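The letter at position 106 of the sequence shown is residue 105 when you use numbering that gives the first Met the number 0, and the numbering goes up by one with no holes. Don't be surprised by glycine CBs; every beta carbon is placed ideally from N, CA and C. Since we're looking at a predicted model, the values are computed, not measured.
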Amino acid sequence: MQYRKFGKLDWKVSALGFGAMRLPILNNNMAEIDVPEAIRMIRYAIDHGVNYVDTAYGYHNGNSEVAVGKALADGYRKKVRLATKLPSWLVDSRESCDKFLNTQLKRLQTDKIDFYLLHGLNKKFWENLCKYDVVKWAERAIVDGRIGHLGFSFHDDFPVFKKIVDSYDNWTFCQIQYNYVDENFQAGTRGLKYAHEKGLAVIVMEPVKGGYLARPPQQIAKLWAKAAHQHTPAEWALRWVWNHPEVSLVLSGMSEFRQVEENVAIADKALPNSLTADELSLLGQVKDAYKSLIPIPCTECQYCQPCPNGVTIPRIFSLYNEAIAYNSPDLSRRRYNLFISEKERADNCTKCGECEEKCPQKIAIPEWLEKAHELLKAKG
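Below is the structure:
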């Protein structure tokens, strides 16, 4: 296992962290974790050098923290730094923060969370947390020993990311989505470098884009076959992220034991600046090939926003594009119905045409919104 510096701390983190968002389940039910198998997987990872385990209040309907707590019994808690997250969207008072944290401590069978994150920050969630001065609350939780260090995970654009980083001098770390297809998405490379320059440890989530990049369509597989040295698509994705020296840790959400074995083995070679020019060129070709599979040429420039009817056009197009390009309609459908409110969905479009006039790409937006909603709406 390779280890890397964790921001300003005098501690090194394993290049691979165990993300407990996609634990093995029973009966195709995300709330029903196969706990014995999850314990086996987490302990195998720790036995092979992983020293960072990440979960969250809402993962697996709240049962991820319970499973992780069981996995870290029998002395395993002492071998790792533990991270979990405050559900930002549920906070309605400072008192609610205490309620969530105390529940998490009980679930995880511990008296301290080493790394505590404000979960999934975007402009809206951050403004809500600022309203209740949650950072001040977290500082008190650090003083009373329930939290070790404070950070945040992020899902919005770079300007929002920069504002959050700059708003507080004592962030220890941040967590961003980053992979070779999404290097300019959300915080992206700019965010990675900016946070690193400010002294924050940077944790990367979705290095394999939720598993999308591990299951390439035929035309992508043909490109990978040209490589001088053969690796699995998942290994290429992980190696690309680890190639960045600014990355402290890569989280992998592993749902099968073989994935743990494979990722631990790959992490032994997780060196920065280790990809050759030819390998980087090939990764660029694969990225371009994935982009060519996207049906809607939306660049998420936001010129179409705000929609007079509240439709969140770029986010909907992103989900539709992923559903088509990665042949994953079920996952995009789940995200559409879980993360986009009814007021923001595509069926609120009245075809007024205002967005089309503003769109630099001249996209037939109302037509594509109709197609997107038809594919992504919940099945009745």
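For residue i versus residue j, is the C-beta distance shorter than 8 Å?
i	j	result
GLY68	LEU128	no
TYR319	ALA371	yes
TYR179	TRP239	yes
CYS351	ILE364	no
TRP241	ALA269	yes
ALA72	HIS118	no
SER247	VAL12	yes
LYS357	TYR302	yes
ALA324	ILE295	no
Kindly indicate which residue of the options has the alpha-carbon position closest to the one of residue i.
i	options	result
HIS243	CYS348, GLU126, ALA14, TRP10	ALA14
ALA200	ALA233, LYS161, HIS154, GLY150	GLY150
LEU47	GLU31, ALA264, ALA186, GLU245	Checking the displayed sequence, the identity of residue 47 turns out to be His instead of Leu. Checked all of GLU31, ALA264, ALA186, GLU245; the closest Cα to HIS47 is ALA264.
TYR51	GLY252, ARG314, LEU292	GLY252
ILE146	PHE114, GLY6, VAL159, HIS154	PHE114
GLN258	ASP165, MET40, ILE295	MET40
SER327	LYS208, LEU104, GLU261, HIS148	LYS208
TYR75	ALA44, SER95, LYS105	ALA44
LEU237	LYS161, LEU212, LYS361	LEU212
ILE219	LEU281, ASP181, PHE99, GLU366	LEU281
GLU234	PRO86, ALA72, GLU260, SER247	GLU260
MET0	ILE295, PHE316, ASN262, SER63	ASN262
SER254	PHE17, LEU8, VAL12, ARG3	PHE17
LYS162	LYS123, ALA137, VAL142, SER95	LYS123
GLY198	PHE172, ASP181, ASP346, LEU100	PHE172
LEU120	THR102, GLU94, GLN174, PHE316	GLN174
PHE5	LEU374, LEU274, GLU245	GLU245
VAL203	GLN217, ASP181, LYS221	ASP181
ASN169	ALA137, VAL159, LEU191	ALA137
SER317	ARG332, CYS306, PRO305, PRO307	ARG332
PHE99	VAL133, LYS77, LYS78	VAL133
ALA19	PRO359, GLU94, PHE256	PHE256
On the criterion of 16 or more Cβ atoms from any shown chain inside 10 Å, does residue i qualify as buried, or is it exposed?
i	result
THR298	exposed
GLU205	buried
LEU25	exposed
ASP53	buried
HIS228	exposed
LEU279	exposed
GLN176	buried
GLU321	buried
ASN28	exposed
TRP10	exposed
ALA276	exposed
ALA30	exposed
GLY144	exposed
PRO215	buried
CYS96	buried
VAL142	exposed
Using a beta-carbon distance below 8 Å, is residue i in contact with chain C?
i	result
ALA213	Among the chains of the structure shown, chain C does not appear; only one protein chain is present.
The beta strand (DSSP E) spanning residue i covers which residue range?
i	result
PHE153	146-153
ARG80	80-85
PHE17	15-18
CYS306	Where CYS306 is concerned, there is no enclosing beta strand (DSSP E), given that its DSSP letter is neither H nor E.
CYS173	172-176
LYS4	2-4
Looking at the secondary structure, which residues open and close the alpha helix (DSSP H) in which residue i lies?
i	result
ILE32	Unbroken run through ILE32 is the beta strand (DSSP E), 28-32; no alpha helix (DSSP H).
CYS354	353-357
GLN218	217-223
PHE256	256-266
LEU191	187-196
LYS290	276-291
SER251	Looking at the DSSP string, SER251 is not in any alpha helix (DSSP H); the run it does join, the beta strand (DSSP E), is 248-252.
HIS372	364-375
CYS129	122-130
ASP53	That residue, ASP53, is in no alpha helix (DSSP H); its beta strand (DSSP E) goes 51-53.
ILE315	312-324
ARG334	328-338
Got a sec: does the ligand NAP put a non-hydrogen atom nearer than 7 Å to the Cβ of residue i?
i	result
LEU8	With respect to the ligand NAP, the structure shown offers nothing to examine, as it has no ligands at all.
Q) So, do the stretch 81-90 and the stretch 25-38 have three or more beta carbon pairs nearer to each other than 8 Å? A) Below 8 Å, too few C-beta pairs join the stretch 81-90 and the stretch 25-38 to call them touching: fewer than three.
Q.
With three or more beta-carbon pairs closer than 8 Å as the criterion, would you say the stretch 293-312 touches the stretch 334-346?
A. Verdict: yes, contact present.
Q: Check whether the stretch 274-294 touches the stretch 56-68, taking contact to mean three or more Cβ pairs, one atom from each stretch, closer than 8 Å.
A: By the Cβ test, the stretch 274-294 is not in contact with the stretch 56-68, since fewer than three Cβ pairs between them sit closer than 8 Å.
Q: Take every Cβ of the stretch 126-145, pair it with every Cβ of the stretch 90-105, and state whether three or more of those distances are shorter than 8 Å.
A: A contact exists between the stretch 126-145 and the stretch 90-105.
Q. Touching or not, the stretch 152-172 and the stretch 183-192, by the rule of three or more beta carbon pairs under 8 Å?
A. Enough Cβ pairs lie closer than 8 Å, so yes.
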